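Same order as they appear, the protein sequences are chains A and B. With our numbering, letter number 245 in the first sequence gets 245, and the count goes up by one each step, no holes. With our numbering, letter number 279 in the second sequence gets 1279, and the count goes up by one each step, no holes. Beta carbons are placed, not taken as given, at the ideal position from N, Cα and C, and that holds for glycine. What you are looking at is a predicted structure, and each value in this text was computed from that prediction instead of being measured.
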Amino acid sequence: MTLAEHAARYPEVWRKFSPRQTLIRYAWFVGVVFVAVWSIQNLDITWEYFLDAHIQAGDLIVRMVPPDWDHFSDILDPLLETIHIATLGTAVTFAIALPVAFLSARNTTPNTVLWAIGRFILVASRSINTVVWALIFVAIFGPGAIAGIWAIAARSIGFMGKLIAEAIEEIDHGTVEAIEATGASRLKVLLIGVLPQVLPVITGTTVYRWDINIRESTVLGFVGAGGIGIQLYSSINQFQWDEVAVMLLAVFGVVVISEFVSAAVRQRIT
Amino acid sequence: MLQITDLVKQYPNGFRALHGVSVTVDEPQVVAVIGSSGAGKSTLIRCINRLVEPTTGAIVLEGTDITKLNRAQLRQARRRMGMIFQEYNLVERLTVMENVLSGRLGYVGFWRAFRRNYPADDVASAFELLERVGLGGRHDTRADALSGGQRQRVGIARALMQKPDLLLVDEPTASLDPKTSRQIMRLICALAHERGTPALVNIHDVALAQSTADRVIGLREGNLVFDGKPTDLTPAVLTDIYGEEDWSATIRKDDDDEDEEAVAARDNGHALDAEAYAG
Chain A
1 MTLAEHAARY PEVWRKFSPR QTLIRYAWFV GVVFVAVWSI QNLDITWEYF LDAHIQAGDL
61 IVRMVPPDWD HFSDILDPLL ETIHIATLGT AVTFAIALPV AFLSARNTTP NTVLWAIGRF
121 ILVASRSINT VVWALIFVAI FGPGAIAGIW AIAARSIGFM GKLIAEAIEE IDHGTVEAIE
181 ATGASRLKVL LIGVLPQVLP VITGTTVYRW DINIRESTVL GFVGAGGIGI QLYSSINQFQ
241 WDEVAVMLLA VFGVVVISEF VSAAVRQRIT
Chain B
1001 MLQITDLVKQ YPNGFRALHG VSVTVDEPQV VAVIGSSGAG KSTLIRCINR LVEPTTGAIV
1061 LEGTDITKLN RAQLRQARRR MGMIFQEYNL VERLTVMENV LSGRLGYVGF WRAFRRNYPA
1121 DDVASAFELL ERVGLGGRHD TRADALSGGQ RQRVGIARAL MQKPDLLLVD EPTASLDPKT
1181 SRQIMRLICA LAHERGTPAL VNIHDVALAQ STADRVIGLR EGNLVFDGKP TDLTPAVLTD
1241 IYGEEDWSAT IRKDDDDEDE EAVAARDNGH ALDAEAYAG
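Shown next as structure tokens:
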């Protein structure tokens, strides 16, 4: 093919976007910048605080070093309490989220009313932060670990329930049909036809949520719902930064271990 | 045994899959159901155990009109109908034994099923059946570790665990290679004859239907257009069922199939290994 033929046959230039598309893309960019500028203006940020922020941060680090390791024996019990709150909170979640998930999945729900109730529980649970749940349960049970356990559970039910319900909706329907064809009752169809298909997701999300809950339960003490947060809060208020450093390092260690455990368990599920 | 009268199925979208089909099966025989995709083969079979709800018509199995039953009665009736599926439809993450025993779910209670504590009789017949379908010793293998042909053997064992009065078989070989297809089809026919259980088998492979079934019925656009012996399937009949095509290569002459059967039986273990590799 000669150059002239080629030029006659094919367009001279090729662009991924048409001029109209390009214009729209620039418009989006301008829109995002506008929203960012508008947000900053609205917030009344005190820019003077930025000027010495690096000095303050440096000062904080100096006060944290060396960490007061003698304090470690004092935080061991609250640290364990934090882990227990997360573990028991996850156990309560498991017991409640599982039935709620079966109500909230379209293919296993008994009827539309129960489906709506299940969906409402999931949305309500997730729309409220763990700390806000903790404030509510401290008001109900008084300060302490019980309020913390329920706060953890209340927030986690939505998380686990939603993920498990989605997994239930994606199961292989053929298997369910085969179990139905044997004359099995509804409950036995769930037990043999559905549950084995979603068991990896149930195990995976439970361990994953336990790992998240360990992190979440470290701040529950800020509002009186038990765990290491109480000590952390009071040390921060008393400017005992060397104690704060010990607690942050201890929490970091626990979180790393729990992430490792959760990842290892999830990897083994087949 | 089974009497289907004027069965009509109209789907919610208005599509009429069956326009008044009547079929009677009054002796233990293997009935192949042939027809193009969309001719209503699957709908017909699924209406019998009401995985698909029939619109009108009667389906009488051993004196009971299945279309008239409520949910609880339907579950009782389904216990007497074993079903085998194209995609096997096993519980992939459970073992072969759990899958086979799930054929007894209509009879055992919830907690026994939960603890997998099935009656000794059921466990004994599960072991026998597994050996009969060529999976002896594989009871603790997980279903997802099996090849297609092996999975279908588990599916067959599960259906037969129900000690059914009728076998409903929906495209048992459509996901399998030609050789495995023939082994599976022969196994189904042999078991149906051994146990005196009538079987309705949807099948796309006309030649395989001819060589294995006792009787063939043909569906075209939801109507019964043929009901007769496999030998009566002439090019004219096939044209009636499927439309115009050159059928000379499809229609089987009686060939040396019997020999192959004997070889297949002898080499069963070997064939299964090959299947596992073919995966």
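Put residue i into one of helix, strand or coil per three-state DSSP.
| i | result |
| --- | --- |
| S1022(B) | strand |
| T1005(B) | strand |
| A1032(B) | strand |
| N213(A) | helix |
| G1137(B) | coil |
| F17(A) | coil |
| V1091(B) | coil |
| M1161(B) | helix |
| F29(A) | helix |
| N237(A) | helix |
| L1219(B) | strand |
| D1255(B) | Low confidence applies here, because D1255(B) scores a pLDDT of 47, under 50, leaving its location unreliable; read the following figure in that light. Of the three classes helix, strand and coil, the one that applies to D1255(B) here is coil, per DSSP. |
| D59(A) | helix |
| Q1150(B) | helix |
| A1(A) | Reading the sequence as shown, one finds Met at residue 1(A) and not Ala. Looking at M1(A) - three-state DSSP - the assignment turns out to be coil, as it is neither helix nor strand. |
| R1064(B) | According to the sequence as given, residue 1064(B) is Thr; it is not Arg. Three-state result, T1064(B): strand. |
| Q197(A) | helix |
| A1017(B) | strand |
| F1226(B) | strand |
| I161(A) | Note that residue 161(A) corresponds to Gly in the displayed sequence, not to Ile. Of the three classes helix, strand and coil, the one that applies to G161(A) here is helix, per DSSP. |
| G118(A) | helix |
| E169(A) | helix |
| D1170(B) | strand |
| A1265(B) | Residue placement at A1265(B) is flagged as unreliable, the pLDDT there being 46, under the threshold of 50; a coordinate-derived value is accordingly withheld. |
| T1180(B) | helix |
| V1108(B) | coil |
| T1056(B) | strand |
Going by other Cβ atoms of all chains shown within 10 Å of its Cβ, with 16 needed for buried, is residue i buried or exposed?
| i | result |
| --- | --- |
| A101(A) | buried |
| V1201(B) | buried |
| G94(A) | Sequence check: residue 94(A) is Phe here, not Gly. So F94(A) ends up on the buried side. |
| S998(B) | Residue 998(B) lies beyond the range of chain B shown here (1001 to 1279); nothing can be said about it. |
| R1079(B) | buried |
| S18(A) | exposed |
| M1081(B) | buried |
| S1248(B) | exposed |
| H54(A) | exposed |
| G31(A) | exposed |
| V1091(B) | buried |
| A264(A) | exposed |
| W133(A) | buried |
| L1168(B) | buried |
| Y1088(B) | buried |
| N1117(B) | exposed |
Just tell me which of the options has its CA closest to the CA of residue i.
| i | options | result |
| --- | --- | --- |
| F1114(B) | A36(A), L191(A), F260(A) | L191(A) |
| P1164(B) | L1176(B), L1061(B), T1250(B) | L1061(B) |
| T1056(B) | I1034(B), T1064(B), H1019(B), R1112(B) | H1019(B) |
| A147(A) | G89(A), R126(A), I128(A), V194(A) | G89(A) |
| V1008(B) | P1054(B), Y1107(B), N1070(B) | P1054(B) |
| N213(A) | K188(A), V92(A), R186(A) | V92(A) |
| N129(A) | G204(A), R119(A), V223(A) | V223(A) |
| R268(A) | V32(A), A134(A), L199(A) | L199(A) |
| E243(A) | A27(A), H71(A), I24(A), E12(A) | H71(A) |
| T1197(B) | I1156(B), F1226(B), N1070(B), R1071(B) | I1156(B) |
| G144(A) | G227(A), I75(A), Q197(A), D77(A) | G227(A) |
| H1204(B) | D1232(B), G1222(B), D1227(B), T1250(B) | T1250(B) |
| V131(A) | G174(A), W150(A), R119(A) | W150(A) |
| R1138(B) | D1170(B), L1094(B), P1119(B) | L1094(B) |
| V256(A) | A36(A), R215(A), I157(A), D172(A) | R215(A) |
| M1001(B) | I1048(B), L1051(B), G1063(B) | G1063(B) |
| S258(A) | L232(A), P110(A), T87(A) | T87(A) |
Quick check: does the Cβ of residue i come within less than 6 Å of any heavy atom belonging to the ligand HEM?
| i | result |
| --- | --- |
| F1085(B) | Because no ligand of any kind appears in the structure shown, any question about the ligand HEM cannot be addressed here. |
Problem - Contact list for the region 174-185 of chain A against chain B, Cβ threshold 9 Å - result: G174, T175, V176, E177, A178, I179, E180, A181, T182, G183, A184, S185
Problem - Contact the region 1018-1030 of chain B vs the region 243-260 of chain A: 3+ CB pairs below 8 Å - result: no
Handout entry: Residues of the region 1108-1122 of chain B with Cβ closer than 7 Å to any Cβ of chain A, in chain order
Key = F1110, A1113, F1114
Exercise for the section: Check each residue of the region 158-174 of chain A: if its Cβ is closer than 8 Å to any Cβ of chain B, include it; give the result in chain order. Expected result: D172, G174
Exercise for the section: Can you give me, in chain order, the residues of the region 1056-1079 of chain B that have a beta carbon less than 7 Å from any beta carbon in chain A? Expected result: R1075, Q1076, R1078, R1079
Exercise for the section: Tell me, please, whether the region 1090-1100 of chain B touches the region 1156-1172 of chain B by the rule of three or more beta-carbon pairs shorter than 8 Å. Expected result: yes
Practice task
Please determine if the region 1030-1041 of chain B and the region 1216-1224 of chain B are in contact, where contact requires at least 3 C-beta pairs separated by less than 8 Å.
Solution key: yes
Practice task
Examine the Cβ distances between the region 1207-1214 of chain B and the region 1008-1015 of chain B and report whether three or more of them are shorter than 8 Å.
Solution key: no
Exercise for the section: Would you check if the region 60-67 of chain A and the region 124-139 of chain A touch, i.e. whether three or more CB-CB distances between them fall below 8 Å? Expected result: no
Problem - Within 8 Å of chain B by C-beta, residues of the region 194-212 of chain A in sequence order - result: P196, Q197, L199, P200
Practice task
Evaluate the contact criterion for the region 1132-1139 of chain B versus the region 1147-1154 of chain B: three or more CB pairs, one atom per stretch, below 8 Å.
Solution key: yes
Problem - Near-chain A residues of the region 1150-1177 of chain B (beta-carbon distance less than 9 Å), N- to C-terminal order - result: G1155, R1158, A1159, M1161, Q1162, L1168
Handout entry: Residues from the region 1193-1204 of chain B in contact with chain A, defined by Cβ distance under 7 Å
Key = none
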